[in-house]
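Protein chains in written order, with full-length UniProt numbering: chain A, 1 to 386; chain B, 1 to 386; chain C, 1 to 366; chain D, 1 to 366.
Beta carbons: idealized from backbone N, C-alpha and C, even for Gly.
To start, the structure itself, in structure tokens.
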Amino acid sequence: MDLSFTPEEIQFRDEVRAFLADALPADIRERVRTRDERHVREDILAWQRILHAKGWGASMWPVEFGGTGWDKTRQYIFENECAAADAPAQLPFGLKMVAPVIMRFGSPEQQQRFLPGIIEGRDWWCQGYSEPGAGSDLASLKMRAERDGDHYVLNGQKAWNTLGQHADWIFCLVRTDPEAKPQKGISFVLVDMKSPGITVRPTRLLDGTCEVNEVWFDDVRVPVANRIGDENAGWTYAKYLLGHERTNIAGIGASRRELRRLRDIATTPRADGTRMIDDPLFATRVAQVELELRALEVTNLRVIFDEARNKAPGPEASMLKIRGTEILQRISALQVEAHGRDALAYSVEGSGSQAAAGYMNLRKLSIYGGSNEIQRNIITHLILGL
Amino acid sequence: MDLSFTPEEIQFRDEVRAFLADALPADIRERVRTRDERHVREDILAWQRILHAKGWGASMWPVEFGGTGWDKTRQYIFENECAAADAPAQLPFGLKMVAPVIMRFGSPEQQQRFLPGIIEGRDWWCQGYSEPGAGSDLASLKMRAERDGDHYVLNGQKAWNTLGQHADWIFCLVRTDPEAKPQKGISFVLVDMKSPGITVRPTRLLDGTCEVNEVWFDDVRVPVANRIGDENAGWTYAKYLLGHERTNIAGIGASRRELRRLRDIATTPRADGTRMIDDPLFATRVAQVELELRALEVTNLRVIFDEARNKAPGPEASMLKIRGTEILQRISALQVEAHGRDALAYSVEGSGSQAAAGYMNLRKLSIYGGSNEIQRNIITHLILGL
Amino acid sequence: MDFSFSEEQQMLQDMTERFVAGRYGFEARERIRASAAGWSPDLWRELGELGLLALAVPEADGGIDAGPVGTMLVARAMGAGLLLEPFIASAVVATTAVARCPAGEGRDALLAAMLAGEQLVVPLDEVLPTPGTIAATQEDTGWRLRGRKPVVYHAPIADVLLVAAHHDGRTALFAVPRTATGVEIESFRTLDDAVAGRVTLDLVVGMDACLSTDAGEALGEAFDRGLAAFCADALGSMERALQATLEYARSRVQFGVPIGRFQALQHRLADMLVQLEQARSMTYLATSSLDEADITDRRAALSGAKALVGQAARAIAQESVQLHGGMGMTDELDVSHHFRRLTAFELRHGSTDAHLRAWREHSLGT
Amino acid sequence: MDFSFSEEQQMLQDMTERFVAGRYGFEARERIRASAAGWSPDLWRELGELGLLALAVPEADGGIDAGPVGTMLVARAMGAGLLLEPFIASAVVATTAVARCPAGEGRDALLAAMLAGEQLVVPLDEVLPTPGTIAATQEDTGWRLRGRKPVVYHAPIADVLLVAAHHDGRTALFAVPRTATGVEIESFRTLDDAVAGRVTLDLVVGMDACLSTDAGEALGEAFDRGLAAFCADALGSMERALQATLEYARSRVQFGVPIGRFQALQHRLADMLVQLEQARSMTYLATSSLDEADITDRRAALSGAKALVGQAARAIAQESVQLHGGMGMTDELDVSHHFRRLTAFELRHGSTDAHLRAWREHSLGT
């Protein structure tokens, strides 16, 4: 048993840090730090291009598709260093969701057509899984796709579409056989967002932002060639995708970054000269969450180690999701507490309002990507065997 | 809205306090205070006789049966003052469980025969509800009672029989019709503990004490005249009993007493001269539980007020059970923390070991009398309507 | 012991609930929220006509003196209705403070205008201010007021700011027109959608602007009443958040059944109810304590209530959103607005931690 | 990064688990617990024969130097088996402390006897003692030792007490025969069924009883190793408590189904698992930290582990009993014995709060 990284891994980490210090544009870093989303599409794609130029565009892809071929440990180091350095999060919908499906189940033509746009930072993808009536219970989705010659004709509605307002492509689960049992009649198709009949309607959120959308499909024609794999076999691909979505699910890097921010706030003297950190109750809450984060780092490394030996991501990722999101949510609540009344000034640009925005926005963490209740069901059934 | 007691109620409370100061024997009080259970039968019955002599033997009974006829508020004041003064808790199995059933469903003969022994402190009753396989799911009980002329012949086993080792009588739920649906074939019978064929086997508990027993019935003959109400209608009486069991379920008096004890421990200087109460983390936990107790007192009064107007004890008692037991359990855990290492010295007589004994023993609070999980089910179904 | 409400109290509650139902539905509120002003002066006048702005004022001063319980019921209904108007700041805190200042022409006229809804008077503070935040110095022509308050709810829409300022170890109270030269207000919206401002004062006001040179007690009383009403506001908000969550749990179907049938969610809803009822009890206790003569006991009850209600507010707000799933994250349902109101609750009128500490010091002396 | 165990480590674990399974079943343990001695000297010798008492000692001193990880695996298996014998006190803390004292006839002979299981040596302390608790003063014929320790695990069954005593600002270490005149031990059982005693010392020991006049570092090292092993012991106990609860949930039928089918209980069991795995991670971290040169970082990892494992221990102990219902309250199942062991865990080797404070001070500097 050895918890430390190897000298090679430490060298790699230092290389990543040096690269981040050098290559991450200051203005992008500043906008990420201040939650300024006005240029989110440009920033994310620009950063993707910078990474791609370095050969690091897809840390989780195999070399044959242009990925780095890194092992899980290096992926972990890379993602957490990026997050800690306020780099924009790489868009997961292309890189981590649809790409693994295309690599595994797509035709060579599909692979050549779609993968380069993702890694090179040209195409913005979004997800078309959830529907208003099908969230946790994904298999109850209703969006129809009727065959018409070489095309499917799509009608229906997708919901909780994150950042789809910027998207070039959307991958959709659609119902191609309405007679079949829920999980049997589903297909997996790739849809050009410029197709006639698509309407994107932003949903205003709790924190006032518009991060997710409803996407309406009204007789949208999609070439059958854009279907992945077999007709009505989409559920298999969907589950494969959901398994890959769960990489770096603990969000250690983001929590480290926010914890650092929390400590900055709490150690800055307030108007009356006192510091939050000198309140033992508050300091203990900060120390407690830092302790749990430290434990989760080790837990995360344990899961990575086991996955590397067993090859497949297991249900242990559910533990990382639950505790990782709880920790980040608690840090964000502590940031609000540390600001006190200043956090009320919401429409004022400043750290107080940023903390409040973060607190409200991050309530999503325990809801999306498989709610924490669903994760507990997974643990119950797949680990505890109940 | 007026949260204070009336001048008459305050006068009554002072009268109870004066009586307790005067009439509660010092040795009994001391044994209650130190959790010394060696004379538990004598102490409880002696105290019952003292109360009865004062006319206060049954605070919750109507006057016609020798009770005080007090309203719910006076009952509340009385019980909490007694608990706070380290009086022995009156045995609930006779007074609060079987007596209401006898008064409501028993024959005049049964009332004359059984009630005086309860209120006068002569008869010790215990409960024969639970069985090893029928705890939360009481209706699945199995103990058989077969008719043989003027008698029932009982065979089977009861569990979680509290203090039955001292008992003169036991009230039992028995299955008189094994063919009927679970809740239909049950009868309610009163059994003399001296009957041949009864074996009481104590169960050693978590804290090393023997507070509960298994009671085995081997061809025990019980006169049919000892059956309450109709044959096979026992489930109705059982539910009536369970409704009455829930009086003073919040245990405010006990929590107040233990909180006082906690404060005594925490404000006593330790060997090194420091006091636990000067640790802000610990002090805040004490203050927090005291705050919740204060809120629960008001909640309890609200429930009493509503019950007085609606007559029947409602599902709100489940809230009192959940929060009341959580609070008392937390206070007991804080007592252990306040003693620190001294609480480890378990077989030594002293406050440290008493705190540890209390902590372990009181884990039962959230399990018995309808586990807190069952209480949440009740709230879900009867209050929230889910 | 009596937990019933008098006919008059019940009437006040019904009236407020009718007002909320009739004037403050989701769409109506959204329009007010989206408006440039961020509140409705029309509805404010209507509240004045209903007498709701005169609740906290003695009858001798033209008020209706509804007492702590009446105010509690009104505030609860307004919290349930997510009112954006400055009811507690103006009609509880400011009226109480002004009414307790020595009678005089300026004070009497101001009070009358407040009750009628003609003058919106808003205090700079929600708790007794730390000495020195705003300093008052007497000059030949009047008083010089200097200082700064970073977050003042409703300041940009007030006609008059109620300024507590220290001089010679005492707290004096001033009525300062918002538009006076030397009053600067940087306006913003708060996280719960109120209009608020950063207020900087540097001006000389006339002698008649001073309502009292020794207003410490009057202000203490005003903030106490405001705090109790604020708890009631949160209580109403929590009630609605729980109710909305229960309705959602009954209607939202996943895996073929309403999610309210999943026991893990049921037990969490049961715990929310317990927390709500505990918060209700402390709100009742805080309200009752306002008639308590012993100021130490009163402040303990109020601090205890603020702390416990704050804890319940956080838990219920978080769980309500969580159990709504994605829908809880949108601003299309009441629940997210209650989340924000309850989040703000913890930060206003003294934080949860500050009040828990005050309760602890009262209870344990350490 | 490598979370696998070496073949030697795996062998140690298997050996200990076989020992527990063969010698320490529920009935066997009950007999030992009920015995007057409260432990089994026979099994202790057997542990010596297996080499398990020599784990923490360098090979040069006749030990097998299994390293922190080996010790962790053995301690975990012993916690799972609810061992009553003084493994950590004697075979981790005492051996480490003695082994780090200057070589010499007395120290060498004592160590050899300890490894063989012939002499049971038990330290008075579990953390570095506050100066002055036991005072040492040099006299003509030897050292006078005076002081008192209220709760010393295993003291009544020890052959030799390892006494840390202060003199001239330093900590000296003494080997004191338990039966020496001037050693008084009031014997009792602890809440987790160990034999313990209140120790009062007032005697003069010979010069040769002093193992080191400056043992602060050796003791610190010993207590650090003891603390890491103690976390591992709790980890084993928690694993078994959770496992027992899962088995109970699968087999116990209420309302026609196993209670493990009730979702509210399922989610609580899932949370228990998460806590267990977090505790495991911190135990690994604490164990690794023993090879950490920087003593501040090491102590932080150890304190963090003790605090987090303590929190998990309480939660898992309480939930295990609760989910067992009435059966959890009896001493007829393992679960109540794990409850007691885990309750004791929080109180020993420094409390959860004390270690959380130490972690906080290291992490935040406040």
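CA nearest to the CA of residue i, picked from the options
{"i": "glutamine 160(C)", "options": "Ala109(C), Ala215(C), His166(C) and Ile316(C)", "result": "Just to set this straight, residue 160(C) is valine in the shown sequence, not glutamine. Ranking Ala109(C), Ala215(C), His166(C) and Ile316(C) by Cα distance to valine 160(C) puts Ala109(C) first."}
{"i": "histidine 151(A)", "options": "Ala345(A), Tyr76(A), Leu163(A) and Thr176(A)", "result": "Thr176(A)"}
{"i": "cysteine 101(D)", "options": "Met78(D), Ala66(D), Pro41(D) and Ala175(D)", "result": "Ala175(D)"}
{"i": "residue 393(B)", "options": "Trp125(B), Ile119(B), Arg323(B) and Arg74(B)", "result": "It is not possible to answer for residue 393(B), since the shown part of chain B is limited to 1 through 386."}
{"i": "leucine 45(B)", "options": "Thr299(B), Gly57(B), His381(B) and Arg35(B)", "result": "Gly57(B)"}
{"i": "glutamine 127(B)", "options": "Val98(B), Arg144(B) and Leu138(B)", "result": "Val98(B)"}
{"i": "threonine 366(D)", "options": "Gln11(A), Glu30(A) and Thr284(A)", "result": "Thr284(A)"}
{"i": "arginine 294(B)", "options": "Asp294(C), Ala293(C), Tyr284(C) and Ile295(C)", "result": "Tyr284(C)"}
{"i": "phenylalanine 230(D)", "options": "Ser6(D), Met78(D) and Ala21(D)", "result": "Met78(D)"}
{"i": "aspartate 207(A)", "options": "Asp271(C), Trp44(C) and Val335(C)", "result": "Val335(C)"}
{"i": "valine 321(D)", "options": "Arg341(D), Met1(D) and Ala305(D)", "result": "Arg341(D)"}
{"i": "serine 4(D)", "options": "Arg144(A), Ala271(A), Ala355(A) and Ala308(A)", "result": "Ala308(A)"}
{"i": "threonine 213(D)", "options": "Gly226(D), Gln254(D), Gly220(D) and Arg170(D)", "result": "Arg170(D)"}
Own chain residues within Cβ distance below 7 Å of residue i, not counting five before or after
{"i": "phenylalanine 19(D)", "result": "Leu50"}
{"i": "isoleucine 331(B)", "result": "Ser255, Glu258, Leu259, Leu262 and Val289"}
{"i": "aspartate 291(D)", "result": "Pro68"}
{"i": "leucine 276(D)", "result": "Met238, Glu239, Leu242, Ala312 and Ile316"}
Amino acids of chain A, ordered along the chain, whose beta-carbon sits closer than 8 Å to that of residue i
{"i": "glycine 325(C)", "result": "Gly135, Ser136, Ile367 and Ser371"}
Proximal residues to residue i (C-beta, below 8 Å), its chain only, five neighbours per side dropped
{"i": "glutamine 165(A)", "result": "Val200, Pro202, Cys210 and Asn213"}
{"i": "phenylalanine 223(D)", "result": "Val93, Asp125, Glu126, Val127, Leu128 and His349"}
{"i": "glutamate 9(B)", "result": "Thr73, Arg74 and Ile77"}
Contacts that residue i makes with chain B (C-beta to C-beta distance below 7 Å)
{"i": "proline 131(D)", "result": "None at all; the shortest Cβ gap to chain B is about 11 Å."}
{"i": "methionine 329(D)", "result": "Leu205, Leu206, Arg363, Lys364 and Ile367"}
Cross-chain neighbours of residue i in chain C, by beta carbon under 9 Å
{"i": "glutamate 231(B)", "result": "Chain C residues near glutamate 231(B): none, gap ~35 Å exceeds 9 Å."}
{"i": "isoleucine 383(B)", "result": "Ala270 and Leu273"}
Residue range of the beta strand (DSSP E) that includes residue i
{"i": "tryptophan 143(D)", "result": "142 to 153"}
{"i": "histidine 166(D)", "result": "160 to 167"}
{"i": "tryptophan 125(A)", "result": "125 to 128"}
Contacts of residue i in chain D (Cβ-Cβ under 8 Å)
{"i": "serine 4(A)", "result": "Met1 and Ser288"}
{"i": "alanine 343(B)", "result": "Leu191 and Leu347"}
Range covered by the alpha helix (DSSP H) that runs through residue i
{"i": "proline 41(C)", "result": "41 to 49"}
{"i": "tyrosine 284(D)", "result": "263 to 289"}
{"i": "tyrosine 76(A)", "result": "72 to 84"}
{"i": "threonine 248(D)", "result": "In the sequence on display, residue 248(D) carries tyrosine and not threonine. Run containing tyrosine 248(D): 216 to 251, per the alpha helix (DSSP H) assignment."}
Under 7 Å from the C-beta of residue i: neighbouring residues of chain C
{"i": "alanine 295(B)", "result": "Gln278, Ser281, Met282 and Leu308"}
{"i": "isoleucine 322(B)", "result": "Val274"}
7 Å Cβ cut-off: residues of chain D touching residue i
{"i": "valine 348(B)", "result": "Phe188"}
{"i": "isoleucine 379(A)", "result": "Ala270 and Leu273"}
Cβ-based neighbour list, residue i, same chain, cut-off 6 Å, excluding 5 preceding and 5 following
{"i": "alanine 134(A)", "result": "Ser140 and Leu141"}
{"i": "histidine 337(D)", "result": "Leu82"}
Under 8 Å from the C-beta of residue i: neighbouring residues of chain C
{"i": "glutamate 292(B)", "result": "Gln278 and Leu308"}
Interface positions of the region 263 to 295 of chain C facing chain D (Cβ-Cβ less than 9 Å), listed along the chain: Gln263, Ala264, Leu265, Gln266, His267 and Arg268
Interfacial residues, the region 275 to 286 of chain A to chain D, with Cβ spacing under 7 Å: Residues passing the 7 Å Cβ filter: Ile277, Asp278, Ala283, Thr284 and Val286.
Chain G contacts from the region 68 to 85 of chain A (Cβ-Cβ distance under 9 Å): The chain inventory of the structure shown lacks chain G, comprising the protein chains A, B, C and D.
Contacting positions in the region 298 to 320 of chain A - beta carbon closer than 7 Å to chain D: Val298, Thr299, Leu301, Arg302, Phe305 and Met319
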